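The opening position of the sequence shown corresponds to residue 294 in this note's numbering, with each subsequent residue numbered one higher. The beta carbon of each residue, even a glycine, is placed where N, CA and C say it ideally should be. Owing to the predicted nature of the structure, the values given are computational and were not obtained by experimental measurement.
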Amino acid sequence: TALIADHSERLPIKVCMKNKKGTNCSRCLKCLRTINDLYILGYNPNEFGFHTTEELAKRDFEKELQILLGKNAKKYQIETHFFVDILRYIEEHNLAKPDSYASWYYNLLIDHPLVIQYHQNLEKYHQTHR
């Protein structure tokens, strides 16, 4: 996301697989992952073709996490890879400043059941493939 945002000159980024009109719905998980990334990186997602606010993005993302918890294990394992990736990025770049979007995201997910399950599954995988 950083690479694209840094070189897009604020042109719309089309990521949505849900909206067939060529725009982003700004509500599906794929849109929300990108919106979160942009906020965490210090960008305004609205400059890239999304329609949201920080409050709306937080609310919608929390709702999507609840939906993911109700889905099958395969689905959330795949999705959680993106969450864990951005958590690592936040840590490596020391972005979890007090009251920042990155801090909210980090605190929401670091001990989230999806992330815990992801790490447990990863550990199981490494134990069986040694």
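Checklist line | Same chain, Cβ closer than 6 Å to residue 339, five either side skipped, listed in chain order | finding: Within its own chain, no residue has a Cβ closer than 6 Å to the Cβ of residue 339 once the five positions on either side in sequence are excluded.
Next item on the list: Given a cut-off of 9 Å, decide if residue 320 and residue 311 are closer than it, judged by their beta-carbon atoms.
Entry: Residue 320 sits close to residue 311, with the two beta carbons spaced by under 9 Å.
Check: In this structure, does DSSP put residue 336 in helix, strand or coil?
Finding: In the three-state DSSP reduction, residue 336 falls in the coil class, being neither helix nor strand.
Note to self: For residue 358, report the span of its alpha helix (DSSP H) as first-last.
What the structure shows: Taken as a continuous stretch (DSSP letters only), the alpha helix (DSSP H) holding residue 358 covers 347 to 362.
Notebook entry, point to check: In three-state terms, what does DSSP make of residue 404?
Noted result: Note: residue 404 maps to coil in three-state DSSP.
Next item on the list: Please confirm whether residue 317 and residue 342 have their CB atoms less than 9 Å apart.
Entry: Yes, the Cβ-Cβ distance between residue 317 and residue 342 is below 9 Å.
Check: Per DSSP, what kind of secondary structure is residue 392 in: helix, strand or coil?
Finding: Reduced to three states, the DSSP call for residue 392 is coil.
Check: DSSP state of residue 327, grouped into three classes?
Finding: Assigned with DSSP and collapsed to three states, residue 327 falls in helix.
Notebook entry, point to check: Under the rule that 16 or more other beta-carbon atoms within 10 Å means buried, what is residue 299, buried or exposed?
Noted result: Residue 299 counts as exposed, since fewer than 16 other C-beta atoms from the protein chains shown sit within 10 angstroms of its C-beta.
Check: CB-CB under 7 Å to residue 389, same chain, minus the five flanking residues each way: which ones, in chain order?
Finding: Here the set comprises 383, 395, 396 and 399.
Next item on the list: Return the residue from the list 332, 331 and 404 that minimises the CA-CA distance to residue 358.
Entry: Closest by alpha carbon: 404.
Note to self: Taking the alpha carbon of residue 408 as the reference point, which residue from 393, 333, 375 and 302 has its own alpha carbon closest?
What the structure shows: Checking every option, the nearest Cα to that of residue 408 belongs to 375.
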